[in-house]
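**Student:**
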Amino acid sequence: QQQVKQSPQSLIVQKGGISIINCAYENTAFDYFPWYQQFPGKGPALLIAIRPDVSEKKEGRFTISFNKSAKQFSLHIMDSQPGDSATYFCAAQSGYALNFGKGTSLLVTP
Amino acid sequence: NAGVMQNPRHLVRRRGQEARLRCSPMKGHSHVYWYRQLPEEGLKFMVYLQKENIIDESGMPKERFSAEFPKEGPSILRIQQVVRGDSAAYFCASSPPAHGLEAFFGQGTRLTVV
Chain A
355 QQQVKQSPQS
365 LIVQKGGISI
375 INCAYENTAF
385 DYFPWYQQFP
395 GKGPALLIAI
405 RPDVSEKKEG
415 RFTISFNKSA
425 KQFSLHIMDS
435 QPGDSATYFC
445 AAQSGYALNF
455 GKGTSLLVTP
Chain B
702 NAGVMQNPRH
712 LVRRRGQEAR
722 LRCSPMKGHS
732 HVYWYRQLPE
742 EGLKFMVYLQ
752 KENIIDESGM
762 PKERFSAEFP
772 KEGPSILRIQ
782 QVVRGDSAAY
792 FCASSPPAHG
802 LEAFFGQGTR
812 LTVV
């Protein structure tokens, strides 16, 4: 049973465009929502994270938008660059175990 | 400060053999987590350990899989009598003692069962 649903599965964006990845969850006990970036052959690396008492968090070109009532959150990558091409995972945590979405493969074309 | 170290990076085992995956947490981290990633899937939680204690193994298959984190040395994920379905990337993460702080992931061990 997938506790966190992520879409789209893959995404192609032109350089300079905005990449948007969406996630939805059901368990209202989740209290921490991180996004991870993974390059081929590497482990996931924390990109940005949010807690449910905040509706938006921005770090550089990366922004998380969080809608607690809809139980949805999204990652926006502004001014997308070819170096952003990677797989992105959303996750939700209650306690210590992270529940991951299935991932979005992002390709930013020059 | 070295990150989370996993070895081997790649492991090939024949069906029925044993696989041992090692994880050395970051310095100062006493919490270790193991996750499994199947092709085109997200990571799935397997087990959470502290030194000499298994805190939660609810994500571990009931048979053939075991994990330990001894007082000295790395954490070990052990898979006995491997089958083709065990082929996956296994990631270890570690975090500091305080609850709720970020967990850092290693680069993973890619297990192939032939």
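Taken in sequence, the protein lines are chains A and B.
Note that the numbering used here has the first sequence beginning at 355, numbered continuously upward.
Note that the numbering used here has the second sequence beginning at 702, numbered continuously upward.
We put the beta carbon where it would ideally sit given N, CA and C, even for glycine.
Does the separation of the CB atoms of Ala-790 of chain B and Gly-809 of chain B fall below 8 angstroms?
**Tutor:** Yes; because the gap between Cβ atoms is below 8 angstroms, this pair is in contact.
**Student:** Given Arg-779 of chain B, which residues of its chain have a CB within under 6 angstroms of its CB, disregarding the five upstream and five downstream residues?
**Tutor:** Once the five neighbours on either side are set aside, the close Cβ partners of Arg-779 of chain B are Arg-721 and Ser-767.
**Student:** Within 8 angstroms (strictly less), CB to CB, does Leu-400 of chain A reach chain B?
**Tutor:** Chain B, which has a Cβ nearer than 8 angstroms to the Cβ of Leu-400 of chain A, makes this yes.
**Student:** Between the stretch 427 to 446 of chain A and the stretch 706 to 713 of chain B, can you find at least three pairs of beta-carbon atoms closer than 8 angstroms?
**Tutor:** Contact between the stretch 706 to 713 of chain B and the stretch 427 to 446 of chain A is absent, because fewer than three Cβ pairs lie under 8 angstroms.
**Student:** Do the stretch 358 to 366 of chain A and the stretch 412 to 420 of chain A touch if we need at least three Cβ pairs shorter than 8 angstroms?
**Tutor:** Contact fails: fewer than three Cβ-Cβ distances are below 8 angstroms.
**Student:** Is Arg-785 of chain B helix, strand or coil by DSSP?
**Tutor:** Helix, per DSSP.
**Student:** Under 6 angstroms Cβ to Cβ from Phe-384 of chain A, same chain only, skipping five residues before and after it: list those, please.
**Tutor:** Excluding positions up to five away in sequence, the list reads Ala-446 and Ser-448.
**Student:** Out of B:Met-747, B:Arg-765 and B:Lys-752, which one is the CA nearest neighbour of Ser-759 of chain B?
**Tutor:** Nearest option by C-alpha distance: B:Met-747.
**Student:** Which runs of the alpha helix (DSSP H) at least 4 residues long sit entirely within the stretch 728 to 763 of chain B? Give them in chain order.
**Tutor:** For the stretch 728 to 763 of chain B, not a single whole alpha helix (DSSP H) run of length 4 or above is found.
**Student:** Between A:Pro-398, A:Tyr-390, A:Tyr-386 and A:Val-358, which lies nearest to Val-408 of chain A when the distance is taken from Cα to Cα?
**Tutor:** Of the listed residues, the one whose Cα sits closest to Val-408 of chain A is A:Tyr-386.
**Student:** Compare the beta carbon distance of Gln-360 of chain A and Cys-444 of chain A with 8 angstroms and say whether it is the shorter of the two.
**Tutor:** Yes.
**Student:** Please report the Cβ distance between Phe-770 of chain B and Gln-751 of chain B, rounded to the nearest whole angstrom; I am assuming they are in contact, meaning their Cβ atoms lie under 8 angstroms.
**Tutor:** Correct: roughly 7 angstroms between the Cβ atoms.
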